[in-house]
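Residue numbers (our numbering), protein chains in the order written: chain A, 1 to 455; chain B, 1001 to 1455. Virtual Cβ for every residue (Gly too), placed ideally from N, Cα, C.
2 protein chains.
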Amino acid sequence: MRNLDNFFSAKNVAIIGVSRDTRKVGHVIFRNFVDGEYKGSVFPVNPNAEMILNKKAYKSVLNIHEEIDLAIVAVPPVFVPKVLDECGKKKIKDIVMVTSGFKEAGNMALEKKTQQLIKKYKMQMVGPNCLGTFDAYTKLDSLFLPRYRLQRPKEGGISFVCQSGAVGSSILDLATKDGYGFAKFVSYGNAMDIDEADVIEYFGNDDKTKVICLYVEGVVDGKKFMDVAKKVSKKKPIIAIKGGKTTEGAKATISHTGSLAGAAEIYSGVFKQAGIIEVNSLQDMFETAKMLEKCMQPRGKRTLVITNGGGYGILSTDAIIKEGLSMAELGKETKKPMKKLLPQIAQTNPIDLLGDASTERYKTVLDLAMKDKNIDIILLIILYQTPLVTTDIVDTVVEMNDLKKKPIVVVSAGGEFTEVLKNSLEANNIPNYTFPENAVRAIKNLVDYYGRNGK
Amino acid sequence: MRNLDNFFSAKNVAIIGVSRDTRKVGHVIFRNFVDGEYKGSVFPVNPNAEMILNKKAYKSVLNIHEEIDLAIVAVPPVFVPKVLDECGKKKIKDIVMVTSGFKEAGNMALEKKTQQLIKKYKMQMVGPNCLGTFDAYTKLDSLFLPRYRLQRPKEGGISFVCQSGAVGSSILDLATKDGYGFAKFVSYGNAMDIDEADVIEYFGNDDKTKVICLYVEGVVDGKKFMDVAKKVSKKKPIIAIKGGKTTEGAKATISHTGSLAGAAEIYSGVFKQAGIIEVNSLQDMFETAKMLEKCMQPRGKRTLVITNGGGYGILSTDAIIKEGLSMAELGKETKKPMKKLLPQIAQTNPIDLLGDASTERYKTVLDLAMKDKNIDIILLIILYQTPLVTTDIVDTVVEMNDLKKKPIVVVSAGGEFTEVLKNSLEANNIPNYTFPENAVRAIKNLVDYYGRNGK
């Protein structure tokens, strides 16, 4: 297994190609280090500058006195061989190559020369043509996008392996807004050296990573990918989306990352065999990751719907059946006391707590449902718009959420008031969804993952 | 056609059953009138109170001196016959019956008695067991949910006919947060008198309504529905979601609104024949409504993708092909000048403007694409995270958006910075989507609607 530690926790980082132009990639990376919370030291390299952002600049890595663990390279392609040669002489083993203009632009000479240098100096390289790496815990952050434009997510359990920098970065940004927590992120671009399988294997052994997301256009080495994914998916879930599944989409991948995208069916087959959860949209990937980060293994697929809005109960039921899950039948241990305590509520699934549902009513039913062995998963719909649902519904659900028993998944559909309560539930590790259909699709992926991996 | 004007612009409104308990339905409705911007007069009725919220209360509508155009009834079911009888004597013709406990609760005697009174006094009734009506222009608002919990949307072109109060209200709330504009809203509940077809017909003739959304569990009168929908869908789009499409879901509709949900296939057939766009999730309904509210009729389904993130171009292409749209081929009038002005950009579809795309580059390509007769629709992906996209990209897109030529649809995926620019585009009538797959699904519905209705 490759040791990728320096990409996430290097002590001394050199940034090669730090322009004084504030909009240039190298400058933005350096500024993000200067402004950021990363604890290590950073050394800007620019042959034509003495000082940048009030810090001493170096003409070459060879002028830096300290040992360097990681070099981030953002020079024009023509300077890449010289820069790598100097890195080799300086004994820098780990490189993030942000620069583009290799095979994806038809420059096969540069491609070959770079490969030779990596081999010669026994280097490891992320890229070229990539956005680099990000660690939400150490704050090592080589993304060349300004923080005011791209927010960085908080600490959490999702790690993302992404062939496309744009997809990866926008998802990080969006995830931050929506309150998702991340562990590590790698945009690996052309995968000249380190490929998606290397990163997946490393994330498989990373304690902070609870679930791995993958956007891939073309796998570099099919057998290696399969071996690694099979092994890792037994330990933690891998969710993948394949770009270029159609012939037309595949054509576009060639000029993008130089990948030759294989037939859709082949990829779907490989994903299935490797225990990978395949999704068909970015939204599904995102929403499934949240579910798998927060939820325990359910015992089965029997789902109970509890709602204070009849229409939502019906739409959830439709979705559960369409996705191949099943509607749980309430056991006697639930029906009897429910009839006694709440005679106005029918003992059916969905359980409609009615428009005048109070927090207390939710609590009574949730308590019974958590104990009922006929129920594997609870889909809880809370319309906070109704006056008798008090805000301590949040405390009630958090208290009831016993991770040793069964997953609780919440549908919270609404505006600002709903958002506040929803965020509070998510902060307590309970996944929330705006639409019932999306919640059910994520539950389906949860059930499938644990079913397929024979746990 | 029924005249439903009073439900949206009555001059004098009586609210019958205004409790002094601030959490009771009648009280919330009254408070919403007192706090709100509605211009008409409101008269609270409560047999046991002299004053409520510092306003004179009336023992019965018969004690009100002024003529009343609309009565909103929120009394316990047992008082409904007496209240309706008094309304009849007061010559109130239009009633919103919020009260529940009719056929959906098995109370057939009350159901029958109420029907008799409506007939006797030649009344029109929305409900019972409903949330009432809302007009974003006049601000007449009988929704019994506090405004701090449920935000009311701004003025716009979407009108919503909803059998489920919960679905309708949460969608209004969510739509407000997301900046959607509405015209009118009706939650019609059990549809004892006014049914979904009556409302659709009325909205068909309403100038403010550009697109009609429908959530329905069971249609009351199939033939009437079909006749009305056929007629209206030729004038403006109707987007429908059917609750209870599965056997399990259908069972749940009986206790909800007392509807007997028919087989899924029958409904899908009826929708298709009536020119209605059927969607399978609330999110799709929502996102399709935005597209149809803002976009003109495209000439065809040939879609051009312009992006500054390669991965997004690929995923969009996949989605376009999967949804049965087609990738536009660039005409000579685009290819030639594009090659000259932007030699670094391949003249393919998707057009990848690359990670260093500037606003100017967007402008050049967008200008050519707007003129190209081989392109029917433009799907524009803007990753605002990259440093060279300046904020005046918004002005550029707005300026280029010529509603006589072709629709521009934007994918804006990101956090807070992206949200600001996205909202600015939406305020200028350009629909935005977070995920490319969702944008393409909505485009597909746009193309289908105009195709199917032979425009």
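In DSSP terms, what A/Met51 is bridged to | On the first sequence, residue 51 of chain A is found 51 positions in, with the first residue counted as 1. DSSP, once it has assigned bridges, lists A/Lys56 as partnering A/Met51.
According to a CB-to-CB cut-off of less than 7 Å, which residues of the region 325-339 of chain A neighbour chain B?
-> Met327
Between the region 38-48 of chain A and the region 11-25 of chain A, are three or more C-beta pairs nearer than 8 Å?
-> yes
Put B/Tyr1215 into one of helix, strand or coil per three-state DSSP.
-> Taking the second sequence and counting its residues from 1, the one referred to as residue 1215 of chain B is at position 215. It is a strand residue.
Which chain B residues sit within Cβ distance under 8 Å of A/Thr114?
-> As a first step, residue 114 of chain A is located in the first sequence; it is residue number 114 there, counting from the start. Under the 8 Å cutoff, chain B gives no residues; its nearest Cβ is about 19 Å from A/Thr114.
How about A/Ile140 and A/Phe8: are their beta carbons less than 8 Å apart?
-> In the first sequence, residue 140 of chain A corresponds to position 140, counting from 1. In the first sequence, residue 8 of chain A corresponds to position 8, counting from 1. With the sequence shown as reference, residue 140 of chain A is identified as Leu, and Ile is not the correct amino acid for it. Yes. Within cutoff.
Delimiting residues of the beta strand (DSSP E) encompassing B/Ile1016 | Translated into positions along the second sequence, residue 1016 of chain B becomes position 16. Element bounds for B/Ile1016: Asn1012 to Ile1016.
So what's B/Ile1306 in DSSP terms, helix, strand or just coil?
-> Here the question's residue 1306 of chain B lines up with position 306 in the second sequence. The answer is strand: DSSP assigns B/Ile1306 an E or B state.
Indicate the three-state DSSP secondary structure (helix, strand or coil) for A/Glu86 in the structure shown.
-> Along the first sequence, read from residue 1 onward, the residue named residue 86 of chain A stands at position 86. DSSP, read as helix, strand or coil, puts A/Glu86 in helix.
Residue interval of the alpha helix (DSSP H) (run including A/Thr288) | The residue labelled residue 288 of chain A in the question sits at position 288 within the first sequence. For A/Thr288, the uninterrupted alpha helix (DSSP H) segment begins and ends at Leu282 to Lys294.
Examine the Cβ distances between the region 1301-1317 of chain B and the region 1436-1443 of chain B and report whether three or more of them are shorter than 8 Å.
-> Cβ pair count under 8 Å is three or more, so yes.
Please work out which residues of its chain come closer than 7 Å, Cβ to Cβ, to B/Ser1100, disregarding the five sequence neighbours upstream and downstream, and give them in chain order.
-> By one-based count along the second sequence, residue 1100 of chain B stands at place 100. Same-chain partners within the cutoff: Pro1128 and Asn1129.
B/Ser1159 - containing beta strand (DSSP E), residue span | Here the question's residue 1159 of chain B lines up with position 159 in the second sequence. Residues Lys1154 to Cys1162.
Quick one: what does DSSP say B/Ser1187 is sitting in, helix, strand or coil?
-> In the second sequence, counting from the first residue as 1, residue 1187 of chain B sits at position 187. Three-state result, B/Ser1187: strand.
For the putative contact between A/Ser187 and A/Cys162, defined by C-beta atoms under 8 Å, what is the C-beta separation to the nearest angstrom?
-> Here residue 187 of chain A corresponds to residue number 187 of the first sequence, with the count starting at 1. Here residue 162 of chain A corresponds to residue number 162 of the first sequence, with the count starting at 1. About 5 Å; that satisfies the 8 Å criterion.
Sub-8 Å separation of A/Gly157 and A/Lys208 beta-carbons = For the purposes of this step, residue 157 of chain A is taken as the residue at position 157 of the first sequence. For the purposes of this step, residue 208 of chain A is taken as the residue at position 208 of the first sequence. Yes, the pair counts as a contact, with Cβ atoms nearer than the cut-off.
Taking 8 Å as the CB-CB cut-off, is A/Gln501 touching chain B?
-> Past the edges of chain A, shown from 1 to 455, lies residue 501 of chain A, and the structure says nothing about it.
Shorter than 8 Å from the beta carbon of A/Leu53 to some beta carbon of chain B?
-> Taking the first residue of the first sequence as position 1, residue 53 of chain A is located at position 53. False, the Cβ-Cβ gap to chain B never drops below 8 Å.
Is the CB-CB distance between B/Ile1239 and B/Ile1200 below 8 Å?
-> Here residue 1239 of chain B refers to the residue found at position 239 of the second sequence. Here residue 1200 of chain B refers to the residue found at position 200 of the second sequence. Between B/Ile1239 and B/Ile1200, the C-beta spacing is not below 8 Å.
Name the residue from A/Val34, A/Gln124 and A/Ser19 whose alpha carbon lies nearest to the alpha carbon of A/Ile194.
-> As a position in the first sequence, residue 194 of chain A is number 194, starting the count at 1. Selected option, being the one with the closest Cα: A/Gln124.
Which of the three DSSP states, helix, strand or coil, is assigned to B/Tyr1362?
-> As a position in the second sequence, residue 1362 of chain B is number 362, starting the count at 1. DSSP places B/Tyr1362 in helix when its eight states are reduced to three.
Pairing CB atoms from the region 215-232 of chain A with CB atoms from the region 266-285 of chain A, are three or more of them under 8 Å?
-> Yes, the region 215-232 of chain A is in contact with the region 266-285 of chain A.
Which whole-angstrom value is the C-beta distance of A/Ala71 and A/Gly26, which I expect to be below 8 Å?
-> For the purposes of this step, residue 71 of chain A is identified with residue 71 of the first sequence, where counting begins at 1. For the purposes of this step, residue 26 of chain A is identified with residue 26 of the first sequence, where counting begins at 1. Incorrect: roughly 12 Å between the Cβ atoms, too far for contact.
Using a threshold of 8 Å, state whether the C-beta atoms of A/Tyr137 and A/Ala183 are closer than that.
-> Taking the first residue of the first sequence as position 1, residue 137 of chain A is located at position 137. Taking the first residue of the first sequence as position 1, residue 183 of chain A is located at position 183. Their beta carbons are under 8 Å apart, which means A/Tyr137 touches A/Ala183 by this criterion.
With a cut-off of 8 Å, does the C-beta of B/Ala1014 fall near any C-beta of chain A?
-> On the second sequence, residue 1014 of chain B is found 14 positions in, with the first residue counted as 1. No - not a single Cβ of chain A is within 8 Å of the one on B/Ala1014.
Can the beta-carbon of B/Val1447 be found less than 8 Å from the beta-carbon of B/Ile1381?
-> On the second sequence, position 447 is the one that residue 1447 of chain B refers to. On the second sequence, position 381 is the one that residue 1381 of chain B refers to. Contact: no.
Are any of the Cβ atoms in chain A nearer than 8 Å to that of B/Val1018?
-> Looking up residue 1018 of chain B in the second sequence gives position 18. It does not; no Cβ of chain A falls within 8 Å.
Is any beta-carbon of chain D found at less than 8 Å from that of B/Ser1170?
-> No chain D is part of this structure, whose protein chains are labelled A and B.
Let me know if A/Met263 comes out buried or exposed under the rule of 16 or more other beta-carbons within 10 Å of its beta-carbon.
-> Translated into the one-based positions of the first sequence, residue 263 of chain A becomes position 263. Note that residue 263 of chain A corresponds to Ala in the displayed sequence, not to Met. Counting Cβ neighbours within 10 Å, A/Ala263 comes out exposed, since fewer than 16 surround it.
Span separating the alpha-carbon of A/Leu292 from that of B/Leu1353 | Position 292 of the first sequence holds residue 292 of chain A. Position 353 of the second sequence holds residue 1353 of chain B. Whole-angstrom Cα-Cα distance: 35 Å.
Output yes if chain A places a C-beta closer than 8 Å to the C-beta of B/Ala1442; else output no.
-> Mapped onto the second sequence, residue 1442 of chain B falls at position 442. By this cut-off, B/Ala1442 is not an interface position.
Can you find at least 3 beta carbon pairs, one from the region 403-415 of chain A and one from the region 365-377 of chain A, that sit closer than 8 Å?
-> Short answer: they touch.
Whose C-alpha, out of A/Val216, A/Glu437, A/Arg31 and A/Leu117, is nearest the C-alpha of A/Ile321?
-> Translated into the one-based positions of the first sequence, residue 321 of chain A becomes position 321. Checked all of A/Val216, A/Glu437, A/Arg31 and A/Leu117; the closest Cα to A/Ile321 is A/Glu437.
Interface residues of chain A facing B/Leu1388 [CB-CB closer than 7 Å] = In the second sequence, the residue the question calls residue 1388 of chain B occupies position 388. What B/Leu1388 touches in chain A: Arg23.
Just the Cα atoms here: how many angstroms apart are B/Gly1310 and A/Gly88?
-> Here the question's residue 1310 of chain B lines up with position 310 in the second sequence. Here the question's residue 88 of chain A lines up with position 88 in the first sequence. Computed Cα separation, rounded: 32 Å.
Taking 8 Å as the threshold, find out whether the region 1418-1433 of chain B comes into contact with the region 1338-1352 of chain B through three or more Cβ pairs.
-> no
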